[in-house]
Amino acid sequence: MNEFLDPLLLSRWQFGLTTVYHFLFVPITIGLATTVAIFQTAWVRTDKAKYLQLTKFFGKIFLINFAMGVVTGIVQEFQFGMNWSDYSRFVGDVFGAPLALEGLLAFFLEATFIGLWIFGWDKLPRRLHLATIWLTAIGTILSAYFIIAANAFMQNPVGFEINDTKGRAELTDIGALLANKVALAAFPHTIFACFMVSAGLVITVAAWHLARNQHLDTMRPALKFGLWMMVVAGVLTTLAGDQLSLAMVSTQPMKMAAAEALYNTAGPASFSIFTLGTPDGVHELFSIRVPYLLSFLSTHTFDGTVEGINDLQAQYTQLYGPGDYTPIIWVTYWSFRWMIGLGLLHVVVAVVGLWLTRKGRHPGNKWVWKAAIWSFPLSLGAMIVGWVFTEMGRQPWLVFSLLKTENGVSPGVSGVEVLISLLAFTLIYGALAVVEFTLIKKAVQKGPDDVSEPDPETGRIQPVATVY
Numbered sequence: 001m002n003e004f005l006d007p008l009l010l011s012r013w014q015f016g017l018t019t020v021y022h023f024l025f026v027p028i029t030i031g032l033a034t035t036v037a038i039f040q041t042a043w044v045r046t047d048k049a050k051y052l053q054l055t056k057f058f059g060k061i062f063l064i065n066f067a068m069g070v071v072t073g074i075v076q077e078f079q080f081g082m083n084w085s086d087y088s089r090f091v092g093d094v095f096g097a098p099l100a101l102e103g104l105l106a107f108f109l110e111a112t113f114i115g116l117w118i119f120g121w122d123k124l125p126r127r128l129h130l131a132t133i134w135l136t137a138i139g140t141i142l143s144a145y146f147i148i149a150a151n152a153f154m155q156n157p158v159g160f161e162i163n164d165t166k167g168r169a170e171l172t173d174i175g176a177l178l179a180n181k182v183a184l185a186a187f188p189h190t191i192f193a194c195f196m197v198s199a200g201l202v203i204t205v206a207a208w209h210l211a212r213n214q215h216l217d218t219m220r221p222a223l224k225f226g227l228w229m230m231v232v233a234g235v236l237t238t239l240a241g242d243q244l245s246l247a248m249v250s251t252q253p254m255k256m257a258a259a260e261a262l263y264n265t266a267g268p269a270s271f272s273i274f275t276l277g278t279p280d281g282v283h284e285l286f287s288i289r290v291p292y293l294l295s296f297l298s299t300h301t302f303d304g305t306v307e308g309i310n311d312l313q314a315q316y317t318q319l320y321g322p323g324d325y326t327p328i329i330w331v332t333y334w335s336f337r338w339m340i341g342l343g344l345l346h347v348v349v350a351v352v353g354l355w356l357t358r359k360g361r362h363p364g365n366k367w368v369w370k371a372a373i374w375s376f377p378l379s380l381g382a383m384i385v386g387w388v389f390t391e392m393g394r395q396p397w398l399v400f401s402l403l404k405t406e407n408g409v410s411p412g413v414s415g416v417e418v419l420i421s422l423l424a425f426t427l428i429y430g431a432l433a434v435v436e437f438t439l440i441k442k443a444v445q446k447g448p449d450d451v452s453e454p455d456p457e458t459g460r461i462q463p464v465a466t467v468y
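Its first residue numbered 1, the sequence shown is counted upward by one per residue in UniProt numbering.
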């Protein structure tokens with residue numbers, strides 16, 4: 001029974017669950033902010049009613065999702081003080097800097113201009129009002145960068161020094177912290193993946209209406225936009241992921257070795273698409289492999305050497321003392337493949353969709369529309385398992401080479417207290433999920449609202465003032 005009330009285990013589960021739940025909203029918010037800005041730009045430039053309808057339609061979904069993301073994000077940050085106080089005490093001076101910048105600069109930018117966008121439809125000139133949604137989109141992207149910079153410190157700690165007297169890490173170079181090579185590599189990979197998620201949402205929503213032959217004038221261009229955005233963002237995500245893999249190998253070679261379940265150093269090294277092994281994961285029984293691919297991903301050469309788990313374990317034991325420095329292999333191995341597989345599958349769906357809808361075609365097969373409607377979880381799922389891989393692959397470190405996860409948990413919090421809060425969060429988040437799904441489902445099923453008729457003198461369409 002005591003092992004189920006372990007504060008460390010329960011704290012990890014609680015932070016993991018709340019993080020994954022919060023992350024359901026983050027990529028949708030980031031991607032939809034830019035999507036809405038693009039639709040509104042198209043309306044301002046062309047004055048076509050369909051773009052105004054798409055702006056306000058997807059803008060409503062964006063606002064619902066944004067509000068839920070704010071609520072869940074605030075709760076998540078409280079856990080640093082509640083369940084991970086030793087972590088906060090040790091690296092709070094460093095880790096807190098980008099989080100402060102995110103709150104003071106990026107989030108206030110988002111909050112200010114999102115308010116102007118909501119209430120400024122009939123009060124601000126068109127181009128000025130358009131600028132508010134673009135600034136909101138920029139704010140969401142800036143917010144993402146500062147949080148990624150904070151996370152990158154945990155993966156590759158830079159810009160600090162250890163104060164032996166106070167027993168903590170102290171910030172010495174904010175520039176080095178923000179220019180962390182892991183952050184620079186992870187940022188574009190994450191943002192392009194967010195665009196994939198929003199593209200998936202647009203595809204699903206448009207396909208749902210087109211399958212019912214409704215709102216054709218607005219949903220046809222929306223579908224085409226979503227399909228092209230998915231393909232372009234998918235290619236860019238792949239290219240950015242290649243650069244991230246190089247940064248990962250140079251800073252956390254154990255993570256790459258665990259991603260491939262590579263126990264012995266190899267060069268050249270093949271990449272296994274699918275592997276069956278013994279229960280302990282040490283011995284391979286069957287696998288489907290691509291020769292030289294792992295070497296290329298790790299070193300950009302086909303004969304490069306990739307360090308294995310056994311050699312890295314020996315190195316880390318010498319550097320950091322006795323202990324097991326290997327993450328949970330099956331989690332890293334499969335999360336890495338699910339991330340790649342789900343993302344690629346959604347791009348394939350988009351490519352097929354572009355082919356089937358070319359030159360204005362409207363596929364009559366209901367299974368085509370069902371595949372499009374149910375494809376949205378693919379890119380979102382790819383992002384979630386990608387973050388699972390990123391965080392679990394760092395274990396047993398909370399801050400790589402500086403602080404182990406077991407040493408970051410709050411010493412004064414009991415397992416029972418964590419369990420109670422874990423159950424409470426689960427119930428509350430479950431209720432919020434129902435609310436979120438219901439609101440978005442109603443908005444999606446209702447479809448775009450009508451817009452006012454063109455002005456008889458100017459021929460321009462004025463938007464109906466709406467308070468969301």
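Just so you know, even glycine gets a beta-carbon here, dropped at the ideal spot from N, CA and C. Source: prediction; values computed, not measured.
query, result
"For isoleucine 328, three-class secondary structure by DSSP", "coil"
"Own chain residues within Cβ distance below 7 angstroms of histidine 189, not counting five before or after", "Thr237, Ala240, Gly241 and Leu244"
"C-alpha gap between tryptophan 369 and tryptophan 208, whole angstroms", "7 angstroms"
"Simplified DSSP assignment, three categories, for arginine 394", "coil"
"Where phenylalanine 25 sits in the DSSP three-state scheme", "coil"
"Pair within 8 angstroms by beta-carbon distance, valine 347 and glycine 234", "yes"
"Backbone secondary structure at threonine 172 - three-state DSSP", "coil"
"Simplified DSSP state of lysine 50, which is helix, strand or coil", "helix"
"Residue of Ala261, Gly167, Phe15 and Pro327 minimising C-alpha distance to aspartate 93", "Gly167"
"Glycine 73 beta carbon less than 8 angstroms from that of histidine 129", "no"
"Outcome for arginine 127 when other beta-carbon atoms lying within 10 angstroms are tallied against a minimum of 16", "exposed"
"Nearest-angstrom beta carbon gap, valine 418 and serine 11 [assumed within contact, 8 angstroms]", "5 angstroms"
"Closest Cα partner of glycine 415 within the set Thr41, Phe62 and Met82", "Met82"
"First and last residue of the uninterrupted alpha helix (DSSP H) at asparagine 310", "309-320"
"At least 3 beta-carbon pairs within less than 8 angstroms: the region 113-121 vs the region 208-217", "no"
"Own chain partners of tryptophan 338 with C-beta closer than 6 angstroms, once the 5 adjacent residues on each side are dropped", "Val385"
"Stretch pair the region 350-365 + the region 304-316: three plus CB contacts closer than 8 angstroms", "no"
"Closer than 8 angstroms to chain D by CB, serine 421", "In the displayed structure, chain D is absent; only one protein chain is listed."
"Segment limits, beta strand (DSSP E) that includes phenylalanine 160", "160-163"
"Start and end residues, alpha helix (DSSP H) containing threonine 190", "181-210"
"Proximity below 8 angstroms, CB of threonine 35 to CB of valine 197", "no"
"Cα-Cα separation between valine 20 and glycine 381, rounded to whole angstroms", "10 angstroms"
"8 angstroms Cβ cutoff met for phenylalanine 66 and phenylalanine 39", "no"
"Assigned secondary structure, valine 399 (DSSP; H/G/I helix, E/B strand, else coil)", "strand"
"Cα-Cα separation between valine 399 and isoleucine 328, rounded to whole angstroms", "17 angstroms"
"DSSP state of alanine 266 mapped onto helix, strand, coil", "strand"
"Residue closest to lysine 446, alpha-carbon to alpha-carbon, out of Thr29, Leu17, Gln53 and Ala152", "Gln53"
"Whole-angstrom C-beta distance between isoleucine 440 and isoleucine 61, which should lie under 8 angstroms", "6 angstroms"
"Rounded Cβ spacing between cysteine 194 and proline 27 (contact assumed at less than 8 angstroms)", "4 angstroms"
"Secondary structure of arginine 361, DSSP reduced to three states", "coil"
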